[in-house]
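Taking the numbering used here, the leading residue of the sequence shown gets 7, the next gets one more, and so forth.
By construction, the Cβ of each residue, glycine as well, lies at the ideal position given by its N, Cα and C atoms.
Structure record follows, encoded as structure tokens.
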Amino acid sequence: MLIRRRHSWELPESAATPETVYLSRRHLLGGIGLAGGLAAGALAGVGLPEFARAAPTPGDPALDPTNDLYPAKRNDAYTLDRPVTPEDITANYNNFYEFGSERRNYQIADLAARMPRRPWTVKIDGLVEKEREVGIDDIIRAMPLEERLYRHRCVEAWSMAVPWTGFAVKELVAWAKPLSGAKFIRMETFMNPKVAPAQNGFVYPWPYVDGLTMAEATNDLAFFVTGVYGKPAPNQYGAPLRLAVPWKYGFKSVKSIVRISFVAERPVGLWEQVQGREYGFWANVNPAVPHPRWSQATERDLGTGERRPTLIYNGYAEQVAGLYAGMTGEKLFM
Ligand SMILES: Nc1nc2c(c(=O)[nH]1)N[C@H]1C(S)=C(S)[C@@H](COP(=O)(O)O)O[C@H]1N2
Ligand SMILES: [Mo]
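Structure representation (structure tokens):
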């Protein structure tokens, strides 16, 4: 997803890293674990910025005030065609550009661990009966939490399968009471350059934003994530509130949301804003429509390391294809 490539031959994501080096690094990290302080200490010798080494660990999910809600009951309607990706792999392979765009992703988990999880409020605004700002714990406790096994397909052609915990976006929509003029839902990530080093830079138009149509947002599959692997989500997954729209490329799944707006105009996502020729509003997964710079026909499964064929709508056509019936003029697959 890098927009500036130093060399034209640079390939997306780990394709530029010899797989052996990449795998052994992942192995090393699995052994270190996510205990923030420990990881910071262990990694101190390999180039973490000074502030990151010294900082405490406000983001420790073990201290999450909603811990008692986990594990939530699994909803068996959502099944996988592949094994769940092990936690030590997905926890150390993250896209969270607020914390850096380097492929040395263990740093992203470690830097994100420094993000305070509370206090955290979410502003619900725009075309709703009543605008308000709500504490995240009040939202989570008002919603019916469940676990769902979902596939995730990044536009950079890697994929994982994850047991998310959360609630259907349509539950929050009903609770927010949008007015009839609301046609889209726009989600915004926090803005805090003191916590997220890359937000000090000028490459990206922070804060991270993306959106859905109301029909997409109220489809059963659209899910707000609060937890993963049966516990509150560690920060790097986008705690304390993150979207999961598994039929779309991963960049649509906004992390660490602080604002949800109901709007009449189609929101322009961060990636559409910086590179609209390559990343659009719809971004539905389709193996037959290549990214301008690489094929989308296959994906690398983070768990097995193997390539597998990519499925139309990432395997969720039955649930979502109807949303796009008759939309012939739209670029639905980028
Ligand atoms: N705020 C924010 N949300 C984000 C991103 C990001 O950089 N910032 N990256 C997106 C991309 S490209 C992907 S693939 C997923 C990655 O989620 P994961 O790190 O939990 O695998 O988060 C998405 N949400
Ligand atoms: Mo992605």
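The distance from the Cβ of S267 to that of A245 is about 21 Å, inconsistent with a contact at the 8 Å cut-off. Taking the Cβ of N81 as the reference point, every heavy atom of ligand 1 lies at 7 Å or farther away. Comparing alpha carbon positions, the residue from D94, P71, E271 and A239 closest to T171 is A239. Runs of the beta strand (DSSP E) lying entirely within the region 154 to 225 and spanning at least 3 residues, in chain order: 164 to 174, 190 to 195 and 215 to 219.
The C-alpha of P184 lies about 12 Å from the C-alpha of E177. At a threshold of 7 Å, N101 counts as near ligand 2, since its beta carbon sits closer than that to one of the ligand's heavy atoms. At least one heavy atom of ligand 1 is found less than 7 Å from the C-beta of E104. Taking D87 as the centre and dropping the five residues before and after it, the same chain places the C-beta of G321 closer than 7 Å to its C-beta, in chain order. For V280, the uninterrupted alpha helix (DSSP H) run begins and ends at L276 to Q281, by DSSP. In the same chain as T85, and ignoring 5 residues on each side of it, the C-beta atoms closer than 7 Å to its own belong to L155, in chain order. Going by DSSP, A250 is part of the beta strand (DSSP E) stretching over R248 to A250. Contact annotation: the region 69 to 76 touches the region 222 to 242, with at least three C-beta pairs closer than 8 Å. When the alpha-carbon of V264 is set against those of W164, L249 and Y255, the nearest one is in L249. The distance from the Cβ of A115 to that of Q279 is about 26 Å, inconsistent with a contact at the 8 Å cut-off. Taking 7 Å as the cut-off, one finds no heavy atom of ligand 1 near enough to the beta carbon of H297.
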